[in-house]
């Protein structure tokens, strides 16, 4: 019998230990309290109730400070908030909650059980309302206790009720002296719990903004039920401690663990709300900035709002005169915004030099460099000064974060590579990134609007824009409308083999008799700068066409870009018109087998016979197409059709490091 009783006692202690909240994780608490919650829409004026609770507890805690610590704070200095005039107190609910909390013995397991009972009673209310209702039930008792303590010396009714409530037991000088530390600890915990519930209440109101614009809301909202649990159980333990102090019986309730927990929650909520408010401010700024660009607004105002934070000096540096100027210089102007990090190269800067030379005598156009730096350092300051000295146009003279950086990144798809946003005098975007258009076509595309790009995109003579100005021989051949075989590749052996067959092909007597002149140009035999500019031009051309309807020219550009890292490739042009391009394996065979299609070339024509024989070889050769796109500024299409077969290409992400300050990302 004794053994049976011992086992029962042991099981009881083990069960209680499992429900000690100080030993439970947030996940365990959440699992328990969610079972008490019913998702309903029980509505009442929780705002007015919280106003009354706050008024009550602010005055009550001040009275305690005055009585216990001898403070001289005046209650008249406190300004009470005003609830709604038609507010009806949920009195019965408050009394039910109060009855659950009073006259309970000390202990963590009992406090947990009481808290769970309260949550069950309040199952139909939102989480913030559960906390406010529990605090309101406590505030009625706490407020009444200290109101009676204040008025019992002068009011007979207050004196009688105070005796019934055992107020003198705690407020007599000897009792105050004995329990001073316990009362101060308790009163401070009331203040902290009020602050926690106030922040929970505030956080709940912020949910109207949504987690898309305010991502910090999501983890904060998910934690609210657990925070409410700790607020309620802290109130329960405070009530238990008050009962102990006034009845002078039972065991003392240790509040230190709850004080530590509630202070941690308070600190966390403050940080979360600060972050949420910061994100709300950014979202509102983002919305206003978008509206600026959608509604005709003076360009200077748009620029000012995009670039400068509230207190930043609004100045520009004029690279031509080396002086600081006001942003009023941008009024009623067409503005080209050059946006880049401090990694912009001299070659990239040179892309805009012809534009500057052309517009410097035309006061209607201005170039402004906006440097994007997330955190300025002394080293970066020096780098900025060096770069600024190389630019004859305007630069933003501002050592701080650009106000609209998030907008530039998300709306204009800035990815650390230089971009040029074209704005008209009304602040309307005429081209979200004209850098590649300028890079490929130069002043031929001026003033670089979407309309100018569409006009140029219809042209089929694009190879001259990529290589024509870079090499004197090609420029001459283009003007003379000669055939040009431009070729290259990563395999030196292939290049030697192709050069051999292509030379024989170009010097064939039959072609010469037909007055078909073919010039050979190997890009690999040029210097590295030429090679880099060549592929950079192809990439820029790809970007200008990437989001357009796929036509023959777009396919040819995509095909060329897919050859960038291949063993070999070649492109056949007539002047600046691209006849066709091919991979090393197929184009080499086409050239080496000229004897097989020579007769057809004389009858049907050189170009159609060249293409026909090449296509016949392509049909018998299987090769996967790899299209490597650098992580450049601007919006890239979600899908790309294969330039060879027309199927949608698979997407792979690759990362490359050349051991320099920037890491590149490529999409295959």
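In UniProt numbering, the protein residues as written are 1 to 668. Ideal placement from N, C-alpha and C gives every residue a C-beta, glycine not left out.
field: Neighbourhood of residue 466 by C-beta distance below 7 Å, restricted to the same chain and skipping five residues each side
entry: 440, 534, 537, 538 and 541
message: My output table needs one value for residue 542: the three-state DSSP class, helix, strand or coil.
response: helix
- prompt: Just to confirm, are residue 585 and residue 610 a CB contact at a threshold of 8 Å?
  reply: no
- prompt: With 16 other CB atoms within 10 Å as the buried threshold, where does residue 82 fall?
  reply: exposed
- prompt: What are the complete alpha helix (DSSP H) segments, minimum 4 residues, inside the stretch 330 to 365?
  reply: 346 to 350 and 353 to 359
query: Should residue 340 and residue 372 be called a contact, given that it needs their Cβ atoms to be closer than 8 Å?
result: yes
field: Through-space distance from residue 597 to residue 618, alpha-carbon basis
entry: The C-alpha of residue 618 lies about 15 Å from the C-alpha of residue 597.
query: With respect to the beta strand (DSSP E) encompassing residue 209, which residues constitute its N-terminal and C-terminal limits?
result: Careful: residue 209 lies outside any beta strand (DSSP E) and carries neither H nor E.
- prompt: Would you say the stretch 379 to 394 touches the stretch 310 to 330, given that touching needs at least three Cβ pairs under 8 Å?
  reply: yes
- prompt: By how many angstroms is the C-alpha of residue 84 removed from the C-alpha of residue 157?
  reply: 30 Å
message: According to DSSP, is residue 431 part of a helix, a strand, or is it coil?
response: strand
- prompt: Looking at residue 32 and residue 140, is the spacing between their C-beta atoms short of 8 Å?
  reply: It is not a contact, given that the beta carbons lie outside the stated cut-off.
field: Cα-Cα separation between residue 559 and residue 408, rounded to whole angstroms
entry: 31 Å
message: Can you give me the C-alpha to C-alpha distance between residue 581 and residue 602, rounded to a whole angstrom?
response: Residue 581 and residue 602 have their C-alpha atoms some 21 Å from each other.
task: Answer yes if the stretch 201 to 217 comes into contact with the stretch 235 to 249, meaning at least three C-beta pairs across the two stretches below 8 Å, and no otherwise.
output: With contact defined as three or more Cβ pairs closer than 8 Å, the stretch 235 to 249 and the stretch 201 to 217 are not in contact.
field: Residue environment, residue 604, which counts as buried when at least 16 other CB atoms sit within 10 Å
entry: exposed
field: Cβ neighbours of residue 297 in the same chain (closer than 7 Å, five flanking residues each side left out)
entry: 426 and 427
task: Measure the C-alpha to C-alpha separation of residue 38 and residue 232 and round it to an integer number of angstroms.
output: Roughly 18 Å between the two C-alpha positions.
- prompt: In or out: residue 703 buried (at least 16 other Cβ within 10 Å) or exposed?
  reply: There is no way to answer for residue 703, as the model of the chain reaches only from 1 to 668.
field: Whole-angstrom C-beta distance between residue 266 and residue 189, which should lie under 8 Å
entry: Not a contact, Cβ separation roughly 11 Å.
- request: Give me the Cα-Cα distance between residue 570 and residue 378, rounded to the nearest whole angstrom.
  value: Distance between the alpha carbons of residue 570 and residue 378 is about 48 Å.
query: How would you call residue 648, buried or exposed, if buried means at least 16 neighbouring beta carbons within 10 angstroms?
result: exposed
- request: Note down the Cα distance separating residue 128 from residue 153, rounded to an integer number of angstroms.
  value: 38 Å
message: Less than 6 Å between C-beta atoms, sequence neighbours within five positions excluded: which residues of the same chain meet that for residue 452?
response: 445
- prompt: If residue 643 and residue 562 are in contact, beta carbons under 8 Å, what's the gap, nearest whole angstrom?
  reply: 7 Å
task: Tell me whether residue 324 is buried or exposed, calling it buried when 16 or more other Cβ atoms sit within 10 Å of its Cβ.
output: Exposed.
message: Counting beta carbon pairs with one atom in the stretch 40 to 57 and one in the stretch 86 to 106, are three or more of them shorter than 8 Å?
response: yes
message: With the cut-off set at 8 Å, would you say residue 495 and residue 568 are in Cβ contact?
response: yes
message: Between the stretch 260 to 277 and the stretch 129 to 137, can you find at least three pairs of beta-carbon atoms closer than 8 Å?
response: With a cut-off of 8 Å on Cβ pairs, the stretch 129 to 137 is not in contact with the stretch 260 to 277, counting fewer than three such pairs.
query: According to DSSP, what are the bridge partners of residue 582?
result: 570
- prompt: On the three-pair Cβ rule with 8 Å, is the stretch 107 to 121 touching the stretch 189 to 200?
  reply: no
task: Work out the CA separation of residue 399 and residue 280 for me, nearest whole Å.
output: 25 Å
query: Would residue 404 be called buried (16 or more neighbouring beta carbons within 10 Å of its own) or exposed?
result: By the neighbour-count rule (16 or more Cβ atoms within 10 Å), residue 404 is buried.
message: Checking 8 Å against the spacing of the C-beta atoms, do residue 483 and residue 456 come in under that value?
response: no
field: Coil, strand or helix - residue 595 by DSSP
entry: helix
Status (buried if at least 16 other CB within 10 Å, exposed otherwise) for residue 227: buried
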